[in-house]
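Residue numbers for the sequence shown, in my numbering: 9 to 173.
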Amino acid sequence: MTIHLENEADIQLDFDYNELIDRVVHECLDYENCPFEAEISILLTNDNEIGEINRQFRNQDKPTDVLSFPAIEFGMAGDFSHINDSDSEYFNPETGELILGDIVISVDRAINQAEEYGHTVIREIAFLVAHSMFHLMGFDHISDEDRLLMESKQEDVLKRLKIFR
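Written out as structure tokens, the structure is:
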């Protein structure tokens, strides 16, 4: 498992965010029974940067809490059966790891949302990572049914990790 983690946020977090992110990523992959070692890139940034990325890639001229950029198009969310380790387009040729995609998190927004929702920044960062990991595995929240499924998975992962509101 490789997590490329870059922290460009203006605010320094007062907990071991590397360890937290690692635990959440692993638990999400285990939860979906991902049969491969995976590679994910995560950028922690500020509202200005994520706002620019949001404008550039989603045509939304505003900051957001998290952006997900999946590298794989799933026919059915969480179903890895169509991926074969001989499909070189999905795997890093140097490590053999499945390239799932990129996650961008605004630390500014995470801090504000933690305060707004009355829980810790640890819980908010964990939630945003879990939320985005499920996007990287093909889940979405466009319909109410899909939203409820994704919310259930996110909450299950956080409960398994004993990260509560």
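Glycine residues also receive a C-beta, built at the ideal position from the N, C-alpha and C atoms. Remember, it's a predicted structure, so these values are computed and weren't measured experimentally.
Short Cβ contact (8 Å threshold) for residue i with residue j
i, j, result
"E57", "E16", "yes"
"V137", "I29", "yes"
"A122", "L166", "no"
"E47", "I107", "yes"
"L169", "E35", "yes"
"I119", "S76", "no"
"N54", "V115", "yes"
"L52", "I150", "no"
Cα-Cα separation between residue i and residue j, rounded to whole angstroms
i, j, result
"E60", "K70", "8 Å"
"N26", "I11", "9 Å"
"E163", "Q64", "31 Å"
"V74", "I80", "18 Å"
"L21", "P101", "34 Å"
Same chain only: Cβ atoms within 6 Å of residue i, ignoring 5 sequence neighbours per side
i, result
"K161", "F142"
Other residues of its chain near residue i: CB distance less than 7 Å, five sequence neighbours each side excluded
i, result
"H90", "G83"
"V33", "I11, I48, V137, M141"
"F23", "I130"
"C42", "F88"
Own chain partners of residue i with C-beta closer than 8 Å, once the 5 adjacent residues on each side are dropped
i, result
"F147", "A85, G86, D154, L157, M158, K161"
"E105", "M9, T10, F44, E45, A46, E47, F99"
Inter-residue CB distance, residue i and residue j (contact presumed, cutoff 8 Å)
i, j, result
"L37", "P78", "L37 to P78, Cβ: 14 Å. No contact."
Can you confirm whether the stretch 81-100 touches the stretch 119-131 when touching is taken to mean that 3 or more C-beta pairs between the two stretches lie within less than 8 Å?
A contact between stretches requires three or more CB pairs, one per stretch, nearer than 8 Å, and the stretch 119-131 fails this requirement with the stretch 81-100.
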